[in-house]
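Accompanying notes for the structure given below.
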Amino acid sequence: QGRNYRKQLFDPLSVESKKAATVVLMLSSPEEEVLSKACEALYKFASKGEENKLTLLELGALEPLFKLVTHEDPVVRRNATMVVGIMASHNDVKKSLRQLDVTSAFIARLAPEEDVVIHEFASLCLAHMAVEYNSKVQIFEQGGLEPLIRLLGSPDPDVKKNCVECIHNLVQDFQSRAAVRELNVIPPLLDLLKSDYPIIQLLALKTLGIISIDRETRVMLRENQGLDHLFKILETKEFNDLHVEALGVVANCLEDVDTMQLIQETGGLRKLLTFAEVSTLTDFQKNAAKALAKAAYDPENRKILNEQEVEKCLVTLLGTDNDGTKIAASQAISAMCENLASKQAIGALVQLLSSENEEVKEAAATALVNLTTAHLGNASAVAEADGIEPLISVLSTKRDGAIASAATVLTNLAMQEPLRLSIQGHGIMNAIVEPLNSTNSIVQSRAALAVAAFGCDAEARAELRNSGGLEPLVKLLHSKNDEVRRNGCWAVMVCASDEPTAAEMTRLGALDVLEEINLSIGRKNNFSEAALDKILDHNLPQKYSQMGFLSSGNIILDGFYDYGQVNLKGKGKKEEEKPKEEEVEPAMPKILEETCAKALWLPPFDPILLDYITESSKTVLPLGTTKEQVVVLSQFVADKMGGPIERDRLHEFSWELHISEIEFELKCNVVPIGKISKGTFYHRALLFKVLADRIGIGCSLVRGEYNRAWNKVKLVDDSPLGIRGLLLPPQIFIVDLMYQPGYLMKEGSPEAEYYQRI
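Spelled out as structure tokens, the structure:
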């Protein structure tokens, strides 16, 4: 039973294979009739399927068959070409054909004197071979393009189909693209568009699609009225399976302004936009949007597209169901931005921000970046379309491009105060923490910019602090990327506007890293110095120690102390007004260290300074002009610190001993300033600044070398011409607190210079 079953199943095949083996042997016969019959039988055998082609290959038929392709007898030649042509579709056969180096023999078969059937199968074989790169190069180098292009005009549709397919495979390589242009391939390809066979039309369109990447080819296409042919296809309902390919060629042509103008003048552009709006083919709509995006990169084209109300079409495409179309339409709007200010487009893009597809979100957010950059109207339109909430939610997606774009749109919106407040109300600072933690430098950079835009508000800074956003922000200062570092410094500078934020950033190491950045020529930037300065404004002891300067805006409060110049250890004694507990440690004597570790150390109260503040307020505040106030205050300070000193006897003024006695008495080298009754330049300048700050006289404090320090005040001279209301620019004076207390020296004058130096 089983044997019979197997017999029924396999016998016919094995007989045929046996026959095939016999027939293959006949290929070495000297008789032409035997050869042509053998080839005919093998053609029928090979036509039955892939397995049979492999069988023939394994039986060693390929080499003798290939020899017969160049046989002098036309019938043998024809039949042998048919077998090899049909076998070439099998990959293993193709490999063997490459080893046999067959391309030149088949190119020769395309000669005009050869039979039409030989043309058909030689071109079929070449089309199969041309899929592979090395064969493409060979066919090109052996002059295969010319006969292939010539045969596009063959009366036989199979020859046309094989030749156009082969050319389509060859022009994937740029050398062949240039060569077919020289060989004038455009007219015969356009002729094929009129073929009755859709596959020929399709292959011709695909080929035009590839070669029209080159501008010169597009010019030829235009000169040969190619656009008319393409629009005829687009206007014919029955050809809708060709519409996507035809559009591909038109899309390439739209890149040229001349072609765009031509298409517009002939009404083609309007038609195209209408096709795109009403087409039911998603690929057609997607490619139409891509085509418009490509075209819109040229400013001249943008004008034309705008006149044709391209926007209406793009808004329709944004509303389709296909994600690819939405992305392409968003990109087209991005490219069109300069000429667009459309509420509908903005509304449609805002809706796409809530898409399930992350790529769609990114395309929509990127289009909104371009629409809102330097365009206040569009920014307002985003807010009116309820775009703020979806933009903030995009900040927590996974796609870096989407996050970066959403952060930028929000930053663009923040340029308008009402929008900034609205975004802040939606919790932007909480949402920006995750992007600040990103590892992508573009996301980091845009997130830092957003912090700089929103950090100008105390509530926003508090939100950032409480959401843990300061730590990743300070980390960005370490970035090797210049833009990230610069935007990070900018954000730190903005956020350092208040004490708690500045203190927290200091705790996180912002001061150290900013100092390090400012010392490096390569890493320093426009904002790094400003950021350091701003943080130090909330840390005046450190600012005075490092910068040797306090401005009139730096108001000294309780807890300030001067622990000398950071880089000049030992050149300045450590003195202070009431210090804050945590800042005291560096200035504490050895004896106190153990006690302090166990108990909370508080600085001594300074009742004398309190009296000074009360007394100076009473005597100085009522005076009529700032100048008078400065003079009286400087005399008051000198008086409390040992009075005027004669210039020549300065060396006899022994203030050091006095300070040591106080330190011994207090068992501490933190000295309250009120206890000092013999003070030199830098004690007096510090006391002057403290009292001036309390009374409201603007003055700065500058540290010099060798215990020098001085105060600068800005004063307006009385009008020298006696003309009332004539305002002169203020001038800067150095205040003498040592030699002639109350004497004011013009900044830069020899006497001022002398006062500042030994």
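Residues in the sequence shown are numbered consecutively from 1, following UniProt numbering. Glycine included, every Cβ here is placed at the ideal spot set by N, Cα and C.
Going along the chain, which unbroken runs of the alpha helix (DSSP H) with 4 or more residues stay wholly within the region 209-297?
Whole alpha helix (DSSP H) segments, 4+ residues: 215-223, 226-235, 243-254, 257-265, 268-278 and 282-296.
For N466, does the count of other Cβ atoms within 10 angstroms reach 16, so buried, or fall short, so exposed?
Under this definition N466 is an exposed residue.
How long is the line joining the alpha carbons of G642 and K480, rounded to whole angstroms?
Each residue's Cα considered, the two are about 54 Å apart.
Terminal residues of the continuous beta strand (DSSP E) containing N711?
Start and end: A709 to L715.
Give me the Cβ distance between F66 and V23, rounded to the nearest whole Å; I'm assuming they're in contact under 8 Å.
Not a contact, Cβ separation roughly 16 Å.
Nearest-angstrom Cα distance between H229 and L242?
Between H229 and L242, the C-alpha separation is close to 12 Å.
In the DSSP assignment, what are the bridge partners of R703?
Bridge partners of R703: A709.
Taking the alpha carbon of I758 as the point to measure from, which residue in E705, P741, A178 and A127 has its own alpha carbon closest?
Here the closest residue by C-alpha is E705.
With DSSP as the reference, identify every bridge partner of V735, one or two as the case may be.
Answer is L744.
When DSSP labels each residue in this structure, what does V584 get in the three-state scheme?
Any reading at V584 must be qualified, since the residue scores a pLDDT of 28, below 50, and its modelled position is unreliable; the value itself is stated next. Three-state result, V584: helix.
Helix, strand or coil for L550? Go by DSSP, reduced to three states.
Looking at L550 - three-state DSSP - the assignment turns out to be strand.
Alpha carbon to alpha carbon, how far is E499 from S660?
Taking the straight line joining both Cα atoms gives about 34 Å.
Residue range of the alpha helix (DSSP H) that C337 falls in?
That residue, C337, is in no alpha helix (DSSP H); it is neither H nor E in DSSP.
List the whole-angstrom C-beta distance separating A450 from T411, where the pair is believed to meet the contact cut-off of C-beta under 8 Å.
Their Cβ separation, rounded to whole angstroms, is 5 Å, which keeps A450 and T411 in contact under 8 Å.
With contact counted as at least three CB pairs below 8 Å, one residue from each stretch, are the region 343-354 and the region 303-310 in contact?
Verdict: no, contact absent.
What are the complete alpha helix (DSSP H) segments, minimum 4 residues, inside the region 370-430?
376-384, 388-394, 400-413 and 417-425, all fully within the region 370-430.
Is Y43 helix, strand or coil by DSSP?
Y43 falls in the helix class under three-state DSSP.
Between L193, P147, I263 and E255, which lies nearest to F239 when the distance is taken from Cα to Cα?
Residue L193 is the option with its Cα nearest to F239.
Cα-Cα, which of A127, L687 and R218 is closest to L203?
The shortest Cα separation from L203 among A127, L687 and R218 belongs to A127.
Check whether the Cβ atoms of L97 and L62 sit closer than 9 Å, and answer yes or no.
Yes, the Cβ-Cβ distance between L97 and L62 is below 9 Å.
Looking at chain D, is there any beta carbon in it that lies within less than 9 Å of the beta carbon of A367?
Of the chains in the structure shown, none is chain D; there is only one protein chain.
Could you check what DSSP says for P622 in three-state terms: helix, strand or coil?
Coil at P622, not helix or strand.
Look at the alpha carbon of E50 and the alpha carbon of G324, and state the distance between them as a whole number of angstroms.
C-alpha separation (whole angstroms): 37 Å.
Where A530 and T439 are concerned, what is the direct C-alpha to C-alpha distance, given to the nearest angstrom?
Cα to Cα, A530 sits roughly 26 Å from T439.
List the whole-angstrom C-beta distance separating N526 from R486, where the pair is believed to meet the contact cut-off of C-beta under 8 Å.
Confirmed, Cβ separation roughly 7 Å.
Starting from E80, trace the alpha helix (DSSP H) in both directions and tell me its first and last residue.
For the sequence presented, residue 80 should be read as Ala rather than Glu. Per DSSP, A80 belongs to the alpha helix (DSSP H) from P74 to M87.
Using the C-alpha atoms, what's the distance from G387 back to A130?
Using only the alpha carbons, I get a separation of about 52 Å.
Quick check: what's the CA-CA separation for A20 versus A80?
About 15 Å.
In terms of alpha-carbon separation, which member of G268, A491, N52 and T282 lies closest to R446?
Comparing Cα-Cα distances from R446 to each of G268, A491, N52 and T282, the minimum goes to A491.
Between the region 651-658 and the region 614-633, can you find at least three pairs of beta-carbon atoms closer than 8 Å?
The region 614-633 is not in contact with the region 651-658.
Which class does S195 belong to by DSSP, given the choice of helix, strand or coil?
Three-state DSSP puts S195 in coil, outside helix and strand.
Note down, in chain order, each residue of its chain lying with its Cβ closer than 6 Å to the Cβ of T316, except the 5 sequence neighbours on either side.
Excluding positions up to five away in sequence, the list reads E277.
Grab me the residues of Q331's own chain with a C-beta within less than 8 Å of its C-beta, minus the 5 sequence neighbours each way, in chain order.
These residues qualify, in order along the chain: A289, K290, A293, A363, T366 and A367.
By alpha-carbon positions, which one of L183, Q201 and A638 ends up nearest to L190?
Nearest of L183, Q201 and A638 to L190, Cα basis: Q201.
Comparing C-alpha positions only, which one of T259, F733, P418 and S700 sits nearest to L550?
If we check each option's Cα against that of L550, S700 comes out closest.
Looking only at its own chain, which residues have a Cβ that is under 7 Å from the Cβ of A431, when we skip the five neighbours before and after it?
Excluding sequence neighbours, A431 sits near I392, L395 and S396.
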